[in-house]
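>
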Amino acid sequence: MLTALQTFADNNFLLLAIAVVLLGLVFGSFLNVVIYRLPIMLERDWREQCRTLFSADQAPGDEGRTPFNLIVPRSGCPHCGHRITAWENIPLLSFLWQKGRCTECGVAIPWRYPVVELLSALLAATVIWRLGLTLPGIAAVGLTWGLIALASIDIEHQLLPDPLTLPLLWAGLILNLFATFTSLQSAVIGAVAGYLFLWILFQSFRLLTGKEGMGYGDFKLYALFGAWLGWQQLPLLILLASLVGAIVGLGAIVLRGRERHLPIPFGPFLCAAGWIALLWGDDITRSYLRLARIGY
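With the sequence shown counted from 1, adding 81 to any position gets you our numbering.
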């Protein structure tokens, strides 16, 4: 089946590219729903658990009675509550047509919405161009969309939700039962090593400074990449993420005057590094080893 699809794709590359971009735009619109609603859903769930734990006889609050999930209620303007119509929900085009504002109250629509839609389309097309319409390519597109959601939520809420991270981690292990990206042994070792490495780093930093340098979501995200790519890619991942994080952090301090003590989420940098390693990790490693041999 996939072989036939790949043959069709090779002979109809332009048609495939258009289809992937359109699908990416549509799925990017759904990702915006996930990015906005999932943290609210989790917060409501945590409040309900606390209410049940500390006051079992107390009636649930309004958030417990009002359905709120990824399906209902229908999407609306967070400012005025205007329900978004079908034509207002066309990815990218509706944002441009509305000039980036709500048609009811005129409040600006956050730029995150078109950016996520565009990224979902362009990155998915890049994955298919690089890996083809194969099992690794299709799986990598799914991971790419998951990483966009994780990075966006971490930027806004400094949270890497388990309902996204853990299923993706298990998906990596299941895919590598068939050696899709690496051997199963390498994937299992990668998941364990990824989690333990950042956990040990976290505990060491807390012992030395009395502060917490990162969250447990970062450990699970690093383990996720170990499960997908194997333990061999973990050193490249942490180097890339640290480098990008250092550059962005210094840039934020210099250009925007960001105070040094304000936390910067590490998750987006890990997501970016993991996506790069997913597509070009082996090439980068080979190039580095080649340069190292020349240096010696």
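From the three backbone atoms N, C-alpha and C, an ideal C-beta is built for every residue, glycine too.
1. When the Cα atoms are used, what is the spatial distance from residue 236 to residue 134?
2. I'd like to check one pair, residue 356 with residue 240: are the Cβ atoms closer than 8 Å?
3. Considering Cα atoms alone, identify which of 264, 250 and 265 is closest to residue 276.
4. So residue 119 and residue 244 are supposed to be a Cβ contact under 8 Å. How far apart are they, rounded?
5. In the DSSP assignment, what residue or residues form a beta bridge with residue 182?
6. In whole angstroms, give me the CA-to-CA distance for residue 198 and residue 136.
7. What alpha helix (DSSP H) runs, 4 residues minimum, are completely inside the segment 240-327?
8. Buried or exposed: where does residue 289 fall if 16 or more other Cβ atoms within 10 Å of its Cβ makes it buried?
9. Do the segment 305-317 and the segment 263-272 touch if we need at least three Cβ pairs shorter than 8 Å?
10. Report all residues from its chain with a CB closer than 7 Å to the CB of residue 206; omit the five preceding and five following residues, and keep chain order.
11. From residue 203 to residue 223, what does the alpha carbon distance come to, in whole angstroms?
12. For residue 350, I'd like the list of residues in its chain whose CB is within less than 6 Å of its CB, leaving aside the five on either flank, ordered along the chain.
13. Do you know how far the Cα of residue 281 is from the Cα of residue 253?
14. I think residue 176 touches residue 190, with their Cβ atoms under 8 Å apart; what is that distance to the nearest whole Å?
15. Using the three-state DSSP reduction, which class does residue 164 fall into: helix, strand or coil?
16. Going straight from the alpha carbon of residue 354 to that of residue 319, what length do you get?
17. Where does residue 157 fall in DSSP's three states?
18. What does the alpha-carbon distance come out to for the pair residue 300 and residue 216?
19. Are the beta-carbon atoms belonging to residue 149 and residue 128 less than 8 Å from one another?
20. Let's test the definition: count the other Cβ atoms within 10 Å of the Cβ of residue 451 and tell me whether it reaches 16, buried, or not, exposed.
21. What's the C-alpha gap between residue 163 and residue 292?
22. Am I right that residue 307 and residue 271 are in contact with their C-beta atoms under 8 Å? What's the rounded C-beta distance?
23. Going by DSSP, what residue range makes up the alpha helix (DSSP H) through residue 133?
24. I'd like the list of long-range same chain contacts for residue 360, defined as Cβ closer than 8 Å, with 5 residues on each side in sequence excluded.
25. Return the residue from the list 214, 170 and 110 that minimises the CA-CA distance to residue 196.
26. Using 8 Å as the threshold, is the C-beta distance between residue 246 and residue 298 below it?
27. Following the continuous alpha helix (DSSP H) through residue 169, name the residue where it begins and the one where it ends.
28. Using a 10 Å radius around the Cβ and a threshold of 16 neighbouring Cβ atoms, would you call residue 200 buried or exposed?
29. Starting from residue 225, trace the alpha helix (DSSP H) both ways and give me its first and last residue.
30. Who are the Cβ neighbours of residue 156 in its own chain at under 8 Å, not counting the five residues just before and after it?
31. Pull up the CB-CB distance for residue 231 and residue 352, whole angstroms please, since I reckon it's below 8 Å.
In short, the structure shows the following:
1. 30 Å
2. no
3. 250
4. 7 Å
5. 189
6. 42 Å
7. 243-256, 265-290 and 297-310
8. exposed
9. yes
10. 98, 101, 102 and 105
11. 13 Å
12. 322, 325 and 326
13. 23 Å
14. 6 Å
15. strand
16. 8 Å
17. strand
18. 27 Å
19. no
20. A question about residue 451 goes unanswered here, because the residues of the chain that appear run from 82 up to 377.
21. 43 Å
22. 3 Å
23. 94-135
24. 207, 208, 211, 212 and 221
25. 110
26. yes
27. Note, residue 169: premise wrong, no alpha helix (DSSP H); not H, not E.
28. buried
29. 216-238
30. 114, 164, 165 and 170
31. 6 Å
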